[in-house]
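> Quick one: this structure, given as structure tokens, is what I'll be asking you about.
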Amino acid sequence: MLTQFRFTLGGRPLVMEFGKLAQQANGSVLMRYGDTVVLVTATMSKEPREGIDFFPLLIDYEERMFSVGKIPGGWGRREGRPSEEATLSARMIDRPLRPLFPDGFRNDVQVVATVLSVDKNNSPRIAALIGASAALHISDIPFAGPVAAVEVGLVDGEFIINPSLEEAAKSDLDLTVAGTANAVTMVEAAANEVSEETVLKAINYAHGAIQELCALQAEIREKIGKEKIEVAVAQPEPKIDEWVREFATEKILAVMHTAEKLARESLIDDVLKKTQAAYLEQFGEEEHEKNKADVSKVFDNIVKEEIRRSITKDKLRPDGRRPDEIRPVFSEVGVLPRAHGSGIFTRGQTQVLTALTLGLKSDEQRLDNLTDEESKRYIHHYNFPSYSVGEVRPMRGPGRRDIGHGALAERALLPVIPDENDFPYTLRLVSEVLESNGSSSMASVCGSALALMDAGVPIKRPVAGIAMGLMMMDEDFTILTDIQGLEDALGDMDFKVAGTSEGITALQMDIKISGVTEEIMAEALRQAKEGRLSILSKMQGVIREPRKELSTYAPRIIT
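In structure tokens, the structure reads:
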């Protein structure tokens, strides 16, 4: 039976239709936002997947070219692999949803958003994210939602919810915020050197609309929601927990603050092996075989708890830094003789080499997507090879993460790229991650600014980026500047902020808890600004401004 719910969002009608389409899914909704129509479905496997230690959530954002009255390019004349925009939209939907599933939940869950019709003033990805939450919320899939999302523009000093195409073209801020009724859970932005205070006000402004959308979804669940399934998560027996803690805690503490990443990982792994061997010796092979997974689980819990306690209570990080301390920074330019511009940016054990190529109008990237844009003259690609983290794996092209990090770095630099009338070149930046221990996307921003200046591209100002983290314990919280990989993996927030000396150009916030307060975001932005300005000063100690001449190997355009 068709059930409709109506809402006004950004001055335009939003209609959510349930009970008509895709009824074999656990939950489904047809979202109508103006003339934008998106079908969102949520399905769940009947049994949990065995032998995994992560939640298998898959988000697919399917663009259909008929939605804008186009026939796809290519010889097959049908949609192929997802466009970059589709990949970024899928990542954007994933990030606020993932923290709201139960710990230990191992059933496969798939959310599919199929874009069926698009009008240019109503964002299909916003409709898709709200629809994903609604489909999950009314289903029997365990989900601690609802969540909702809106876009915020800034035109003539005024905030606008879900700006139209015309308003977006004039806006100094392109902000997407997702959250629950109680807190913000995801932020993504491109900005034209906007202040931290303005960004924070915009986030708070967005949350008001988000709360109304969450209230609507709560009402929908009351009327048509299914009963949620129970999730039984087995915990290690208390006697195993007690034995592992008694044997391993002091040994973990002895190696936990080893500064070098690989050495620390190796030492902690050695302690785990000794713990497993001692358990085998004391309790015998049969008991060990039955409980070795629980021994490892308790061991991992101790590592997480002790690192969290050390940071929040003692203000001491795994590599010995203070919460607001940045790792040593080294920069170099002109490292590749035949590239048109190049730079190496190293921050601790994260190192990125960025190369710039200047091309002609004919080198612009051709686009075949749902927008009217036909080509793009400024491109940033990000590569994350396995050797950067000392691993072995096949290299089969960019994954979703690589595309997302490249797009974030691209957004961060766009406001300082010269206009085509002033600099009629196509620009392609490629960031090769050579070493990674956290914040490689922000290192890519820094390396790219160095390469642009080395090439003689007349950028307005250099850009730097930094990743902030959060550790919470009881009522205490600690904001971390320049997080490393372990702090990212075990922490509660990853807040990337890029900008110039004048303001923010891009940011991205993801959290692993139910939400963060305004106080936490304000402190994170304050510390990020201090860190960004410090890094910019070090970069400008190597190259202060763009070179006066282009590389001898770059093409010359006579105008």
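Last residue of the sequence shown: 583 (our numbering), numbering continuous.
No residue lacks a Cβ here, since even glycine has one placed at the ideal position from N, Cα and C.
1. Taking Ala233 as the reference, which of Thr60, Thr204, Ile331 has the closest Cα?
2. For Val268, tell me which candidate among Ser410, Asn325, His429 has the shortest Cα-Cα distance.
3. Relative to the C-alpha of Leu384, which candidate in Gly75, Pro448, Glu415, Leu394 has its C-alpha closest?
4. Whole angstroms are fine: how far does the CA of Gly423 sit from the CA of Val92?
5. Spell out the partners DSSP gives Thr209 in its beta bridges.
6. So, do the region 392–406 and the region 508–523 have three or more beta carbon pairs nearer to each other than 8 angstroms?
7. Helix, strand or coil: how does DSSP classify Asp506 here?
8. By how many angstroms is the C-alpha of Ala283 removed from the C-alpha of Leu597?
9. Could you check the C-alpha separation between Phe183 and Ala137 for me, to the nearest Å?
10. Taking C-alpha atoms, which residue in Lys339, Ala379, Arg119, Pro352 lies nearest to Ser472?
11. If I'm right that Arg669 touches Leu140 with Cβ under 8 angstroms, what's the distance once you round it to whole angstroms?
12. Taking a contact to mean a Cβ-Cβ separation below 7 angstroms, would you say Gly21 touches Thr209 in this structure?
13. Is Phe519 buried or exposed, if buried means 16 or more other CB atoms sit within 10 Å of its CB?
14. Thinking C-alpha only, which one of Thr529, Ala530, Phe501, Ile528 is nearest Met517?
15. I'd like the list of long-range same chain contacts for Lys337, defined as Cβ closer than 8 angstroms, with 5 residues on each side in sequence excluded.
16. What span of residues does the alpha helix (DSSP H) with Gly430 cover, start to end?
17. Measuring straight from C-alpha to C-alpha, what distance separates Glu309 and Asn407?
18. Given this structure, state the Cα-to-Cα distance separating Thr370 from Phe354, to the nearest angstrom.
19. Contact between the region 294–305 and the region 468–484: three or more CB pairs below 8 angstroms?
20. Check the C-beta distance from Ser455 over to Val359 and give it rounded, since I have them as a contact under 8 angstroms.
21. On the CB-based measure, 16 or more other CB atoms within 10 Å of its CB, does Gln259 come out buried or exposed?
22. Can you name the start and end residues of the alpha helix (DSSP H) that Val469 belongs to?
23. Can you tell me whether Gly232 is helix, strand or coil according to DSSP?
24. Assign Met419 to buried or exposed, taking buried as 16 or more other Cβ atoms, counted over all protein chains shown, within 10 Å of its Cβ.
25. Quick one: any contact between the region 228–248 and the region 184–201, if contact means 3 or more CB pairs under 8 angstroms?
26. Going by C-alpha to C-alpha distance, which of Ala151, Leu458, Lys70, Asn206 sits closest to Gln134?
27. For Ile331, which option in Arg345, Val255, Ala242 has the closest C-alpha, if you only look at C-alpha atoms?
28. Determine, using beta carbons only, whether Thr524 and Val487 come nearer to each other than 7 angstroms.
29. When the Cα of Glu526 is compared with those of Gly515, Thr27, Glu554, Glu542, which residue comes out closest?
30. What are the complete beta strand (DSSP E) segments, minimum 3 residues, inside the region 495–548?
31. Just list the beta strand (DSSP E) runs in the region 342–406, keeping only unbroken ones of 3 residues or longer that don't cross its boundaries, in chain order.
32. Quick one: residues in its chain with C-beta nearer than 6 angstroms to the C-beta of Leu54, no 5 flanking neighbours on either side, listed in chain order?
33. Are the CB atoms of Thr583 and Asp348 within a distance shorter than 7 angstroms?
34. Under 8 angstroms by Cβ, that's how I've got Gly365 and Leu476 pegged, so tell me the actual separation to the nearest angstrom.
35. Which residues in the same chain as Leu277 place their Cβ atom closer than 7 angstroms to its Cβ, once the five residues preceding and following it in sequence are excluded?
36. Would you check if the distance between the CB atom of Arg149 and the CB atom of Ser188 is smaller than 7 angstroms?
Looking at the atomic coordinates:
1. The residue you call residue 233 lines up with position 209 of the sequence shown. Out of Thr60, Thr204, Ile331, Thr204 has the C-alpha closest to the C-alpha of Ala233.
2. Taking the sequence shown and counting its residues from 1, the one referred to as residue 268 is at position 244. Scanning Ser410, Asn325, His429 for the CA closest to the CA of Val268 turns up Asn325.
3. Numbered from 1 along the sequence shown, position 360 holds the residue referred to as residue 384. It is Pro448 whose Cα lies nearest to the Cα of Leu384.
4. On the sequence shown, residue 92 is found 68 positions in, with the first residue counted as 1. On the sequence shown, residue 423 is found 399 positions in, with the first residue counted as 1. Answer to the nearest angstrom: the Cα atoms are 27 angstroms apart.
5. Here residue 209 is taken as the residue at index 185 of the sequence shown, counted from 1. Bridge partners of Thr209: none, in fact.
6. The region 392–406 is not in contact with the region 508–523.
7. The residue labelled residue 506 in the question sits at position 482 within the sequence shown. In this structure, Asp506 counts as coil in the three-state DSSP scheme.
8. As displayed, the chain neither begins before 25 nor continues past 583, which places residue 597 out of reach and without an answer.
9. In the sequence shown, the residue the question calls residue 183 occupies position 159. In the sequence shown, the residue the question calls residue 137 occupies position 113. Straight-line Cα distance between these residues: approximately 28 angstroms.
10. Numbered from 1 along the sequence shown, position 448 holds the residue referred to as residue 472. Looking at the Cα atoms, Ala379 is the closest of the given residues.
11. Because residue 669 is not part of the residues shown, which for the chain are 25 to 583, the question remains open.
12. Here the chain has residues from 25 to 583 only, and residue 21 is not among them.
13. On the sequence shown, residue 519 is found 495 positions in, with the first residue counted as 1. Label assigned to Phe519: buried.
14. Here residue 517 is taken as the residue at index 493 of the sequence shown, counted from 1. Looking at the Cα atoms, Phe501 is the closest of the given residues.
15. As a working mapping, residue 337 is identified with position 313 in the sequence shown. Its chain contains Met497, Asp500 as the residues whose beta carbon lies nearer than 8 angstroms to that of Lys337, once the 5 sequence neighbours on both sides are disregarded; these appear in chain order.
16. Within the sequence shown, the letter at position 406 stands for residue 430. From DSSP, the alpha helix (DSSP H) with Gly430 extends over 424–437.
17. As a first step, residue 309 is located in the sequence shown; it is residue number 285 there, counting from the start. As a first step, residue 407 is located in the sequence shown; it is residue number 383 there, counting from the start. Their backbone Cα atoms lie some 45 angstroms apart in a straight line.
18. Translated into positions along the sequence shown, residue 370 becomes position 346. Translated into positions along the sequence shown, residue 354 becomes position 330. Note on geometry: alpha-carbon atoms of Thr370 and Phe354 lie some 5 angstroms from one another.
19. Using a C-beta cut-off of 8 angstroms, the region 294–305 makes no contact with the region 468–484, since fewer than three inter-stretch Cβ pairs fall below that distance.
20. Residue 455 sits at position 431 when you count from the first residue of the sequence shown. Residue 359 sits at position 335 when you count from the first residue of the sequence shown. The C-beta distance from Ser455 to Val359 rounds to 13 angstroms, too long to fall under 8 angstroms, and the pair is not in contact.
21. The residue labelled residue 259 in the question sits at position 235 within the sequence shown. By the neighbour-count rule (16 or more Cβ atoms within 10 Å), Gln259 is not buried but exposed.
22. Indexing the sequence shown from 1 puts residue 469 at position 445. Membership of Val469 in the alpha helix (DSSP H) is indicated by the continuous run 464–479.
23. The residue labelled residue 232 in the question sits at position 208 within the sequence shown. Looking at Gly232 - three-state DSSP - the assignment turns out to be helix.
24. By 1-based counting over the sequence shown, the position of residue 419 is 395. Met419 comes out exposed.
25. Yes, since at least three Cβ pairs between the region 228–248 and the region 184–201 fall closer than 8 angstroms, the two stretches touch.
26. Here the question's residue 134 lines up with position 110 in the sequence shown. For Gln134, the closest of Ala151, Leu458, Lys70, Asn206 by C-alpha to C-alpha distance is Lys70.
27. Your numbering for residue 331 matches position 307 in the sequence shown. Distance from the Cα of Ile331 is smallest, within the candidate group Arg345, Val255, Ala242, for Arg345.
28. For the purposes of this step, residue 524 is identified with residue 500 of the sequence shown, where counting begins at 1. For the purposes of this step, residue 487 is identified with residue 463 of the sequence shown, where counting begins at 1. Less than 7 angstroms separates the beta-carbon of Thr524 from that of Val487.
29. Taking the sequence shown and counting its residues from 1, the one referred to as residue 526 is at position 502. Minimum Cα distance to Glu526 is reached at Glu554.
30. Correct list: 500–505, 517–523, 528–535.
31. Counting only runs of 3 or more, we get 353–357, 365–371, 374–383.
32. Residue 54 sits at position 30 when you count from the first residue of the sequence shown. For Leu54, same chain residues with a beta-carbon under 6 angstroms away, outside a window of 5 residues either side, are Glu41, Leu45, Leu63 in chain order.
33. Taking the sequence shown and counting its residues from 1, one reaches residue 348 at position 324. Taking the sequence shown and counting its residues from 1, one reaches residue 583 at position 559. No, the pair does not count as a contact, with Cβ atoms beyond the cut-off.
34. If you number the sequence shown from 1, residue 365 lands on position 341. If you number the sequence shown from 1, residue 476 lands on position 452. So it is a contact: roughly 6 angstroms between Cβ atoms.
35. Within the sequence shown, numbered from 1, the residue matching residue 277 stands at position 253. Once the five neighbours on either side are set aside, the close Cβ partners of Leu277 are Glu330.
36. On the sequence shown, position 125 is the one that residue 149 refers to. On the sequence shown, position 164 is the one that residue 188 refers to. No, the Cβ-Cβ distance between Arg149 and Ser188 is not below 7 angstroms.
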